[in-house]
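Residue numbers (my numbering), protein chains in the order written: chain A, 838 to 1167; chain B, 17 to 334.
Below is one structure; the comments refer to it alone.
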């Protein structure tokens, strides 16, 4: 493995069993699964902003949770700085957790309403036991509040989450993510609940922090327009699979997979002189319980061929780190 | 003469903590076959305008001033009985939140039939036929009329709501956040459908959204709202290319364009004000980077810059 890889994922799968009713279990033994993530491979380099984009139900959030082992994968391996974290017992995992953190989507639900900001931010420090004295913890909490531009920190430290606006809450979420100086940060749709005028500030703050800590950053989003300005590289997911991956410029300007093309064409552009929404592909994302055979996109693909429903295309490198899984590109 | 002419509309909510001036002196016009985009952040009064136009404000909400002229008839003065004749037949609405706006206990077809039969004297059978036809217009198999909402996907529910809004051939459709909660591709499908229907039926449309790019894709005119006021309005080309109000400029700067070169987005400092006690003078002054002394004292009037480009900012007046 090359030196500068922070996280590497090989053939990662997460199948959730579908719960059945009592009567159904009498007649059928067959267990069906939601194939949320179904065999994906990618790596995130050091100090890189890596995007994971797709429609709802494509498995991007599940991937994020798997990477931190918040949920156990069905199969596959996750390497963090060369170490396989799947096999690690809890005891050995705990020090690693300090180095990988997550910022959640909903700032209204990811902060405990009964805890003050001081408690929310000092809890990771206490759990990890990195600081010896209360004074040290207090100083660190104040420092991180200043870093996320909640000033003066004294004014925020004793407040409860409900006393803050959505944007301020998400800043607390970010402060909590960064307080342990992590090397790898995941942000799952961190601004989708926020107002437009506030979004940019939060995103820029995260980019600044990632740069400052030289962390690797996984940005999970459905908003390709935002991803375009955030990420260095991006992977497009469809029904639990990565269909295309590469540098953000390549994906936006020279997409190869028909799904990526459709996705990019569908993004509205805030420019009245631009061409208005052109052809839109039909239908909606199918259920991941019984995903279509072969290439999963063939049911909606405008250029589907005979081979597409039969054979699953492999994700291959078409040059310069641009990967695509499509029978059109071989 | 414009189809809809709103003059100095004021809608306030009366709460225990005082009156919330959700819409505070708003004027705009929508012509026949024209689409106006109403943009702004949450809490700026966009939805309240929609509810005021149809006079379906929740309890505590009241139109306290101004006129809503629809074909020169003032809707504010109409009796409830007369107003019922306006709703759906002349003005209809596609409500926010496609996922929950349909009643889960009734078949989609029946819900459209109900909308038709409430407003027109039609036999049930005939109404059902019309409902099927409407579903076809919005791209849903007519046979799906017998389905319940849970059997529809998100995009189909949104289409169903559009079908319902079209049920009585209205002249004006208000769409409240028609794209949110839908995936990009489905959102594009819905927006395209709305634009096509608008052109085909020569509908006037008010598109309420926080997403400027949706307005740019579907409307001819745009009005930018901030804290209960329209701060700038005009043709979309003018608004996007030569925005004059600092808030409009900030909002456009905060919007990512997928086709543009990679850049850091700009944000507007601070957050939207509490409308119980809005800032004095220009309501945007605490967040404005060009703030002057006069902004804190005096409220800027909306003036015509050119054609139908209106701006309310002291920078322009002075």
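Even glycine gets a Cβ: it sits at the ideal position worked out from N, Cα and C.
Backbone secondary structure at residue i - three-state DSSP
i: residue 103 of chain B; result: strand
i: residue 277 of chain B; result: coil
i: residue 994 of chain A; result: helix
i: residue 98 of chain B; result: helix
i: residue 980 of chain A; result: helix
i: residue 838 of chain A; result: Residue confidence for residue 838 of chain A is low, a pLDDT of 49 falling below 50, so the modelled location carries little weight and cannot support an answer.
i: residue 270 of chain B; result: coil
i: residue 325 of chain B; result: strand
i: residue 1103 of chain A; result: helix
i: residue 188 of chain B; result: strand
i: residue 1131 of chain A; result: coil
Between the CA atoms of residue j and residue i - distance to the nearest angstrom
i: residue 124 of chain B; j: residue 168 of chain B; result: 9 Å
i: residue 252 of chain B; j: residue 1107 of chain A; result: 10 Å
i: residue 64 of chain B; j: residue 1136 of chain A; result: 41 Å
i: residue 279 of chain B; j: residue 266 of chain B; result: 15 Å
i: residue 929 of chain A; j: residue 920 of chain A; result: 11 Å
i: residue 845 of chain A; j: residue 145 of chain B; result: 57 Å
i: residue 936 of chain A; j: residue 1125 of chain A; result: 32 Å
i: residue 206 of chain B; j: residue 18 of chain B; result: 27 Å
i: residue 1132 of chain A; j: residue 174 of chain B; result: 28 Å
i: residue 83 of chain B; j: residue 211 of chain B; result: 28 Å
i: residue 255 of chain B; j: residue 328 of chain B; result: 13 Å
i: residue 1113 of chain A; j: residue 1123 of chain A; result: 27 Å
i: residue 185 of chain B; j: residue 100 of chain B; result: 15 Å
i: residue 154 of chain B; j: residue 127 of chain B; result: 16 Å
i: residue 1020 of chain A; j: residue 1094 of chain A; result: 32 Å
i: residue 276 of chain B; j: residue 1111 of chain A; result: 11 Å
i: residue 69 of chain B; j: residue 30 of chain B; result: 18 Å
i: residue 53 of chain B; j: residue 215 of chain B; result: 16 Å
i: residue 934 of chain A; j: residue 290 of chain B; result: 40 Å
7 Å Cβ shell around residue i - same chain, five flanking residues per side excluded
i: residue 1158 of chain A; result: 1083, 1084
i: residue 193 of chain B; result: 112, 224, 225
i: residue 853 of chain A; result: 870, 871, 873
i: residue 163 of chain B; result: 123, 124
i: residue 33 of chain B; result: 292
i: residue 312 of chain B; result: 296, 297, 301
i: residue 898 of chain A; result: 1025, 1057
i: residue 847 of chain A; result: 878, 913, 914
i: residue 87 of chain B; result: 19
i: residue 305 of chain B; result: 262
Beta-carbon spacing of residue i, residue j below 7 Å
i: residue 9 of chain B; j: residue 1064 of chain A; result: Lying before the first or after the last residue shown, residue 9 of chain B is absent from chain B, which here runs from 17 to 334.
i: residue 204 of chain B; j: residue 1117 of chain A; result: yes
i: residue 1155 of chain A; j: residue 1164 of chain A; result: no
i: residue 1104 of chain A; j: residue 1062 of chain A; result: yes
i: residue 135 of chain B; j: residue 97 of chain B; result: no
i: residue 79 of chain B; j: residue 27 of chain B; result: yes
i: residue 1053 of chain A; j: residue 885 of chain A; result: yes
i: residue 1081 of chain A; j: residue 1073 of chain A; result: yes
i: residue 40 of chain B; j: residue 85 of chain B; result: no
i: residue 1079 of chain A; j: residue 1092 of chain A; result: no
i: residue 230 of chain B; j: residue 195 of chain B; result: yes
i: residue 38 of chain B; j: residue 56 of chain B; result: no
i: residue 1031 of chain A; j: residue 1003 of chain A; result: yes
i: residue 985 of chain A; j: residue 1022 of chain A; result: no
i: residue 202 of chain B; j: residue 171 of chain B; result: yes
i: residue 181 of chain B; j: residue 151 of chain B; result: no
Nonlocal neighbours in the same chain, by C-beta distance under 8 Å from residue i, ignoring five residues either side
i: residue 988 of chain A; result: 982
i: residue 838 of chain A; result: The pLDDT assigned to residue 838 of chain A is 49, lower than 50, so where the model puts this residue is not dependable; a value taken from the coordinates is nonetheless given after this. Cβ within range, chain order: 845, 916, 919.
i: residue 320 of chain B; result: 326
i: residue 12 of chain B; result: In the structure as shown, chain B begins at 17 and stops at 334. Residue 12 of chain B is therefore absent and cannot be evaluated.
i: residue 1016 of chain A; result: 958, 961, 962, 977, 978, 981
i: residue 972 of chain A; result: none
Spatial neighbours of residue i in its chain, beta-carbon cut-off 6 Å, leaving aside the 5 residues before and after
i: residue 332 of chain B; result: 260
i: residue 310 of chain B; result: 330
i: residue 133 of chain B; result: 143
i: residue 994 of chain A; result: 954, 955
i: residue 67 of chain B; result: 73
Heavy atom of the ligand SAM within 6 Å of residue i beta-carbon
i: residue 277 of chain B; result: As presented, the structure is devoid of all ligands, the ligand SAM included, so that no description of it is given.
Segments assigned alpha helix (DSSP H), at least 4 residues, entirely inside the segment 136-171 of chain B: 140-153
Ordered list of alpha helix (DSSP H) runs contained in the segment 1004-1074 of chain A, each at least 4 residues: 1033-1050, 1061-1067
Those runs of the alpha helix (DSSP H) which lie wholly inside the segment 227-312 of chain B and span at least 4 residues: 228-234, 252-257, 262-269
Give the list of continuous beta strand (DSSP E) stretches no shorter than 3 residues that lie fully inside the segment 912-964 of chain A. 912-917, 937-940
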